Structure formats: structure tokens, C-alpha cells
Amino acid sequence: MAELLGAPVLQQTFSSLANFPNNDYHWQGELPGSQSGVQQVFAGHDVAFLCGFSNQAQITVYKYSDGPLIPPDVTQVYLSNHTWDIGKNYYGEAALFGDLKATLPLINQLIGDQPSPAAAARNAKLKEMAAQRKVAWDAYLREAMHQNEIWAVVIADALRKEIGERKLEKQFVYAHEAVSDPAPFQYLLPFTDEAAAPISYYCVGGGSLGWSMPATLGIKLEPSGCQDINTRFVVAATGDGSSLFYPQTWWTAQHRQLGVLYIITNNHEYHTLQMGLTQVEAMYGEAPATSGQPGRKTRNTCASTGQARLRHPGQGLRGMEGEIVRHPEDVRAAVRRGIDHALSGHAYVLDMHTIGLDQPPPRRRTPMPATTSNRAWTASISARTRSNAMTAPACRATCQ
Numbered sequence: 002m003a004e005l006l007g008a009p010v011l012q013q014t015f016s017s018l019a020n021f022p023n024n025d026y027h028w029q030g031e032l033p034g035s036q037s038g039v040q041q042v043f044a045g046h047d048v049a050f051l052c053g054f055s056n057q058a059q060i061t062v063y064k065y066s067d068g069p070l071i072p073p074d075v076t077q078v079y080l081s082n083h084t085w086d087i088g089k090n091y092y093g094e095a096a097l098f099g100d101l102k103a104t105l106p107l108i109n110q111l112i113g114d115q116p117s118p119a120a121a122a123r124n125a126k127l128k129e130m131a132a133q134r135k136v137a138w139d140a141y142l143r144e145a146m147h148q149n150e151i152w153a154v155v156i157a158d159a160l161r162k163e164i165g166e167r168k169l170e171k172q173f174v175y176a177h178e179a180v181s182d183p184a185p186f187q188y189l190l191p192f193t194d195e196a197a198a199p200i201s202y203y204c205v206g207g208g209s210l211g212w213s214m215p216a217t218l219g220i221k222l223e224p225s226g227c228q229d230i231n232t233r234f235v236v237a238a239t240g241d242g243s244s245l246f247y248p249q250t251w252w253t254a255q256h257r258q259l260g261v262l263y264i265i266t267n268n269h270e271y272h273t274l275q276m277g278l279t280q281v282e283a284m285y286g287e288a289p290a291t292s293g294q295p296g297r298k299t300r301n302t303c304a305s306t307g308q309a310r311l312r313h314p315g316q317g318l319r320g321m322e323g324e325i326v327r328h329p330e331d332v333r334a335a336v337r338r339g340i341d342h343a344l345s346g347h348a349y350v351l352d353m354h355t356i357g358l359d360q361p362p363p364r365r366r367t368p369m370p371a372t373t374s375n376r377a378w379t380a381s382i383s384a385r386t387r388s389n390a391m392t393a394p395a396c397r398a399t400c401q
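Numbers 2 to 401, taken from this note's numbering, label the letters of the sequence shown in order.
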């Protein structure tokens, strides 16, 4: 369908699975988690095809006066196998209730066998933008390698290379809870038809603090998952704040000999909470941390994990092995050691010292296909079902 319409495809925020191959040029990553970000994605389009779209308002702060998430001039069309999703938050001018995998090919038959000239032009533009995005990510990675702290793109790139070199295609599951740094993992890891399946990427729909750590235990206990995926290598990327909710997971993994690699993206703070406070302050002029204190920057010390900062994971966890990694040039070797341990049946923790609010990395924005002059459809889907015809993920095309 994306090919026939010339439409960019986006995955809903906190989608459970990776329902669209990230090497397809229509793929745009995950919907952003801000009101203005979602509005910008849909602006410039005529139609939004909401395919299994269940997490419809996964944003940090919603301000009614700033308008609806999907602009009123965008026609909304639903396809869902769950009646609750249809018209839940947005009025749809048309809606289909049915199994996604069975229904999408039937819709495609009605659209036609070949893209229209306008759709072909949009496809060409999307291919051009995908190439530009790759160049931007490559440049961002090179820049990240020269920093004092670790940027998430370095970790994701190391995982990607190790999965490829060890021929772990169809034999890995990535549990995603790197909420502060999602884009590098979603963009760089091989979530393609050749190397993975939707279940190879696992996130909790809508988000839940710390869930990824115990989830890895259940994933690893099952030697082979559905969709012909083997669980030989299970890895989780989790923020340091979220990891503090279930540290007992590490004890269980080690003592039950469940070889899981835990990567802690340790920015020494509850980064998502800090960002939420920043958004509240930007929208309403003050936030809980600054209320009644004009001129004070938003910095809620209660959101800092400094007092609970991870030391060497092997200390105090009764046999759990791991290491602290502070510099980008050390990441690849550390990831290699971690995978060696995991594949031998021993859990391992990599405490990666990443960057926090005090020193944010630069943002490079690649043009979004949503802003093309010939207005098009955009598709947003959930992680519920995958079809050969179409399914979807999405991301701001930003390097972060």
C-alpha cells in the first residue's frame, strides 16, 4: 500500500513490535511524543490511514488550546481489528473493521496494480530523503565517536555490527526501553525482512517503567519465539532510571543461567521526567520544579539518579557480571564481551555512561516526507499485525 500510494509510514509511539522493515525507504520511524511533533508529522498530508492505531495519544503533555494532534484538514481512515480503536480519539470519515493481514491486500486490489504518476513522484522523493537520512546518520555517528561521553548511536551501531558479524539474523530479540534515546536503536538495528520479524523488537504498548528487564527473562526462557524467531541472543537497552525498578531481574538472570545482555543507558537522571517538566514549563510558563521561582531553570533534583548511580554491577548483585563503559571508543569491545557472556549462558550488564540534559548532543533534522509539496497519504500503524502488503513504524527523522 505504501508503494501504491507513495506514502511515508510511521509507527505509533511506544509500539509493541517492529511492524515495518526499517530498511524500506517508506519507513520514517516512530511518531514523536510531543503535541507539536505529532502535528508536524501529519501537517501537509491529505489523508491519514490509521492502521491498527491503538496508542493514539502517547504524548507527554497535551494543551487543548494548541489544537488536535491530527490537523482538522487531514481526512482520517481507520482499519482495525479492535472496535475500541476506531474513532477512539479522532473522528474518522471512513472505517473498516477486520483482520489487518487479511484486509490490507483487498484494499490494495481496489487501489490498483501500479502507482499513479503522482504516487511514483512521491516514491522518488521518499527514496531521495532516505538516502539523505543515511548520510546524516553516518555523519552523526562519526561525530559521536569523538565525544567525551557515549551517545546512543555508538551503542546501537556496535550491536548492529556484532549481530551481522556473528550471523545472528533471526536469532535475536531486542527489548526496547531506551526511552530517552530511541531513534538510534530503531534505525540502526537490523529490523528487516531478511534479519528479523516484528517480534524481534519488543516494547510495551504505551510504555511502563522498568518492564523491559523482567520481560527479558520470559523471552529468554522460551528457546524459540513465534514468527520463526530464535531467542539465542536477547538484549535490552534500558535507561538508568527505569532499571532501578527491577534490579532483582539481574539476580534471577544470573542464578537461572539466562544469558541476557543488559545495556543501561546511564545519563544519571530520569531524563524523560526532566523533558516532561521542560515541556510543561514551555507550555504554561512554570513547572513543579520552578513554580514561584522566576528565572530558575527546570532542574528537578528529585529526578536525578545520582544517589543511586550504578557502580560496578558485579558488586552487590551476588555473581552478576558486568562493567562500566565511559568512552565511545570502548563501546564496541564492551558489547563484544557482553555478547560473548550472553551466548555462553551468563547474564551481563553494561553500564554505559551516556549524555544527559546538561550537555545535549546536537540535533540534525533530515527533511520529513510529510512536507512534500504534492500532498500525500501518511500511514500510522500499531504493532498488532504484520502484512506483506504493509504495516508500519515511524520516527522523526532526527539524529538523537
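Glycine included, each C-beta is placed from N, C-alpha and C at the ideal position. Since the model is a prediction, treat every value here as computed from it, not as a measurement.
Cβ-based neighbour list, residue i, same chain, cut-off 6 Å, excluding 5 preceding and 5 following
i, result
"residue 212", "205"
"residue 303", "A caution first: residue 303 carries a pLDDT of 45, below 50, which makes its placement in the model unreliable, though a value can still be read off. Counting only Cβ-Cβ distances below 6 Å, and skipping sequence neighbours, we find nothing."
"residue 237", "176, 213, 217, 263"
"residue 342", "349"
Exposure label - residue i; buried when at least 16 CB within 10 Å
i, result
"residue 368", "Summary for residue 368: the model assigns pLDDT 39, below 50, so the residue's position carries little reliability; its value from the coordinates is reported in the next sentence. Exposed, because fewer than 16 other Cβ atoms sit within 10 Å of the Cβ of residue 368."
"residue 94", "exposed"
"residue 363", "Because residue 363 sits at a pLDDT of 47, beneath the cut-off of 50, its placement in the model cannot be relied upon, and the point is left open."
"residue 261", "buried"
"residue 99", "exposed"
"residue 138", "buried"
"residue 11", "buried"
"residue 256", "exposed"
"residue 227", "exposed"
"residue 188", "buried"
"residue 178", "buried"
"residue 230", "buried"
"residue 47", "exposed"
"residue 244", "buried"
"residue 163", "buried"
"residue 90", "exposed"
"residue 21", "buried"
"residue 242", "buried"
"residue 23", "buried"
"residue 377", "Note that residue 377 scores a pLDDT of 46, beneath 50, so its modelled location is shaky; the value from the coordinates is reported in the next line. Residue 377 is buried by the Cβ-count criterion."
"residue 84", "exposed"
"residue 282", "buried"
"residue 405", "Because the chain spans 2 through 401 in this model, residue 405 falls outside it and cannot be assessed."
Sub-8 Å separation of residue i and residue j beta-carbons
i, j, result
"residue 127", "residue 9", "yes"
"residue 158", "residue 169", "no"
"residue 61", "residue 182", "no"
"residue 210", "residue 259", "no"
"residue 471", "residue 225", "In the structure displayed, the chain extends from 2 to 401; residue 471 sits before or after that span and is not available."
"residue 45", "residue 124", "no"
"residue 92", "residue 51", "no"
"residue 40", "residue 73", "no"
"residue 1", "residue 334", "An answer regarding residue 1 cannot be provided, because it is not within the stretch 2 to 401 covered by the chain."
"residue 329", "residue 145", "yes"
"residue 49", "residue 29", "no"
Identified DSSP bridge partners for residue i
i, result
"residue 326", "353"
"residue 265", "239, 352"
"residue 28", "10"
"residue 76", "48"
"residue 203", "176"
Cutoff 8 Å; reference residue i; Cβ partners in own chain excluding five residues on either side
i, result
"residue 25", "3, 10"
"residue 107", "none"
Proximity test, residue i beta-carbon vs the ligand GDP heavy atom, cut-off 7 Å
i, result
"residue 164", "Looking for the ligand GDP in the displayed structure turns up nothing, as the structure carries no ligands at all."
Cβ neighbours of residue i in the same chain (closer than 7 Å, five flanking residues each side left out)
i, result
"residue 185", "153, 154, 157"
"residue 5", "109, 112, 113, 116, 120"
"residue 350", "251, 263, 265, 314, 321, 323"
"residue 339", "262, 349, 351"
Fully enclosed by the stretch 78-110, which beta strand (DSSP E) runs are 3 residues long or longer? 95-98
Could you name each continuous alpha helix (DSSP H) segment of 4 residues or more that falls completely within the stretch 205-240, going from the start of the chain to the end? 213-222
Segments assigned alpha helix (DSSP H), at least 4 residues, entirely inside the stretch 136-186: 153-166
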